[in-house]
Amino acid sequence: QDRPTTGNEVRYLVAGNQKLQIRGNDDGSVSLLRPDNSVARTVPKGGFESHGQRDPLTVAILLIALSLISVGNGFFKPNISTIVGTLYDQGDRRRDSGFTIFYMGINLGSILGQVACPILADWIGWWAGFALAGVGMSIAYFLMQFDGGRLAGYGEPPAKEKDRSLLVYVAAIVAVPLFYLLFVNLMNTPEPEPGSGFLGYIESLSLMGKLLFGSFLIGVPAILIWSYAKGTRTEFQMMCAAMILITFNVFFWTLFEQAGSSLTLFADRNTDRSVFGLFTISAPQTQNFNPICIVLFAPLMSMLWTGLAKRGLEPSIPVKFAIALVGVGAGFLFLIWGSTFADAANNFQVGLWWLAGLYLIHSLAELCISPVGLSMITKLSIARIVGLMMGVWFLSISVAQYFAGVVAQFASVETVGGQVTNLKVSLATYTHTFTTIAWVAIGAGVVLFLLSWPLQKWMHGVK
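Numbering (our numbering), first residue to last: 7 to 469.
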């Protein structure tokens, strides 16, 4: 049977000439019922699994493509952000607003991609969706190459730096097969066992995941040691402030990125996704609420920061980060409030607009940390390593994605073929997990707010 669109369908298992209804039980087991509602068999919790096969050639081509994209994106993301930072002079209070507009552009592209690519993939084929993404990247390349000199002189390396272009290009070529091997290892690494805990999750990570964690845990102190040895006392303190804020960024994205896991599953299982009774959206489509809110509110946030700066009322960078963390918690509390209205009468499902409200609050929180964080890196980093620090910023988000997987485990519920069989148990599990996330996020925000005063001293006037 196809995946349900409303969550109200009755699911069946066909065994021989028998059509057995699937019913989930409160203890996590699954019963198979005959047409007369007698129990044909009860499968205990965890007593079922699914299998699938992949075409080796198709997988190899896909992983080669992903390897090329990964290397190319490694050049693009840190450097385009660094260029935006160089558009503003040191001390220019418009920099946070500029990065907010830049971030709006990122999310506008996200909306277009999430709408157009799936439609092409559905109407024509997967190749058309991927091809459109390639066309978009090509257009971006030509815009950068033939910009009429508008970006000339921005993002250039310091004058005294040696030209290492050849070394960089050779390293990029070598990196492609290395990424391919990492992706192969990722494909062949089994998922961690439910309830394995944090250490069990880390041990079960693929080589790629372990390299990400290792790079972050070793790279952050290594950069600080280099800053202490090569920089001035002021530069070292500013770098320390940046690293502390990057650490809180990991915390933010760990909780925020439940959008790609537990929140999407919540949308699939415990959300009535009908829009005014006219049509029903899919669970993954609920993630479009986030980029839509970003595009709508980014200009307003940009004007807000600029207006507050003119009046000397703009919050400091650490305070903006603290507001973002509290905002994540507030979003989850809003959804928990909505879940109190879900009962058997509405199939233990919350209204779609409660989930939309969560994404609205989370999007406003995101605008307080993500573009501000990009701006912060260009302000606090030693000039020679701004590009490297941008890489560390994005690395912190990647690390958070893995931590998000740990958190998502606590919201896992028993399924058959990817489908939850007891929505009451599912709702209770999600509500408990989201409540914990909410208060932890708010607590972290309060801690950072208290740390904002000593951090501002280390930032030496950077706003």
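Ideal Cβ placement from N, Cα and C applies to all residues, glycine included.
Taking a contact to mean a Cβ-Cβ separation below 7 Å, would you say residue i touches residue j in this structure?
i	j	result
Trp360	Leu386	no
Leu401	Phe222	yes
Leu69	Phe254	no
Gly337	Leu310	no
Met193	Val226	no
Val334	Leu261	yes
Phe105	Pro377	yes
Ala146	Val77	no
Ala207	Val412	The question names Ala, yet the displayed sequence has Tyr at residue 207. Cβ atoms of Tyr207 and Val412: closer than 7 Å.
Leu39	Gln24	no
Glu263	Ala410	yes
Ala265	Gln291	no
Cys246	Trp464	yes
Ala134	Leu126	yes
Thr312	Ser87	no
Ser212	Asn191	yes
Ile107	Ser308	yes
Leu433	Ala348	yes
Ser73	Val182	yes
Leu339	Ala450	no
Ser322	Gln462	yes
Using the beta-carbon count (16 or more within 10 Å), is residue i buried or exposed?
i	result
Pro84	buried
Asn79	exposed
Ala235	exposed
Asn296	buried
Ala389	exposed
Gly155	exposed
Pro50	exposed
Pro324	buried
His466	exposed
Ser44	exposed
Trp259	buried
Ala414	buried
Gly423	The predicted model places Gly423 with a pLDDT of 47, which falls under 50 and marks its position as unreliable, so this point remains unresolved.
Val405	buried
Arg239	exposed
Met396	buried
Val481	As displayed, the chain neither begins before 7 nor continues past 469, which places residue 481 out of reach and without an answer.
Ala228	exposed
Val281	exposed
Lys316	exposed
Val176	exposed
Met143	exposed
Val141	exposed
Gly91	buried
Ser171	exposed
Leu6	Missing from the structure shown is residue 6; the chain here goes from 7 to 469 and no further.
Ile224	exposed
Leu243	Here residue 243 turns out to be Gln, not Leu, going by the sequence shown. So Gln243 ends up on the buried side.
Ile231	exposed
Gly283	exposed
Ile375	buried
Leu205	exposed
Ala46	exposed
Tell me, which residues are paired with residue i by DSSP?
i	result
Ser221	Looking at the DSSP assignment, Ser221 forms no beta bridge with any residue, so it has no partner.
Gly357	Asp278
Tyr18	Gln27
Thr286	Ser280
Closer than 7 Å, CB to CB, is residue i near chain C or not?
i	result
Thr195	Of the chains in the structure shown, none is chain C; there is only one protein chain.
Next item on the list: Taking 8 Å as the threshold, find out whether the region 448-458 comes into contact with the region 381-393 through three or more Cβ pairs.
Entry: no
Checklist line | the region 326-338 touching the region 103-118, judged by at least three CB pairs closer than 8 Å | finding: no
Checklist line | Every unbroken alpha helix (DSSP H) inside the region 364-444 [4 residues or more] | finding: 376-386, 392-415
Notebook entry, point to check: Counting Cβ pairs, one atom from each stretch, are 3 or more of them under 8 Å apart for the region 293-300 and the region 117-131?
Noted result: yes
Notebook entry, point to check: Taking the runs of the alpha helix (DSSP H) that are 4 residues or longer, which of them lie wholly in the region 121-199?
Noted result: 132-151, 171-194
Notebook entry, point to check: Counting pairs of beta carbons, one from the region 347-357 and one from the region 269-283, are three or more of them closer than 8 Å?
Noted result: yes
Note to self: Is it the case that the region 206-221 contacts the region 428-445, given that we only count it when at least three CB pairs across the two stretches are under 8 Å?
What the structure shows: no
Notebook entry, point to check: Which residue spans inside the region 25-100 form an unbroken alpha helix (DSSP H) run of at least 4?
Noted result: 62-92
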